[in-house]
Amino acid sequence: EGKEKINEEHIGMLTEIKDVFEKNNTEYRVIITPIYDQIAYNRHDKSILQNIFGEDYVFDFSGINEITQEMSNYYDTFHFKQYIGKRLLDSAYSESPAMRICN
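Residue numbers (the working numbering): 86 to 188.
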């Protein structure tokens, strides 16, 4: 699991972003992207994101999963290929829970 990175200043900024989304009736998703090192996103930070944006709007693709197990899905350790990005968006915006591939 990665280290905690979200601090009080970040919480304030994230809350402002959420307020702008609500004010403008924005349809959004928060996507925690997969990186090849397979380190899971910090649980505390994920909880903060879920508290601000809502559990149904935060999608965690970090850690060990079918995407991170294949180096061919990446150009390098951090940059996944375009078809993976489409897959993440399709999963996050899917109406069907069965289509979701996140943690």
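Glycine included, each C-beta is placed from N, C-alpha and C at the ideal position.
All of these numbers come straight from a predicted model, not from anything done at the bench.
Asked, Found
"Report the partner residues of Asp145 according to the DSSP bridge assignment.", "Ile117"
"For Gly148, count neighbouring C-beta atoms within 10 Å of its own C-beta (all shown protein chains included) and say buried if the count is 16 or more, exposed if not.", "buried"
"Can you give me the C-alpha to C-alpha distance between Gln123 and Leu173, rounded to a whole angstrom?", "16 Å"
"Should the region 148 to 164 be regarded as contacting the region 127 to 140, the criterion being three or more beta carbon pairs within less than 8 Å?", "no"
"Verify whether the separation of the beta carbon atoms of Leu99 and Ile137 is less than 8 Å.", "yes"
"According to DSSP, what are the bridge partners of Tyr178?", "Answer is none; Tyr178 lacks a bridge partner."
"Going by beta-carbon coordinates alone, are Phe146 and Pro119 separated by less than 8 Å?", "yes"
"On the criterion of 16 or more Cβ atoms from any shown chain inside 10 Å, does Phe165 qualify as buried, or is it exposed?", "buried"
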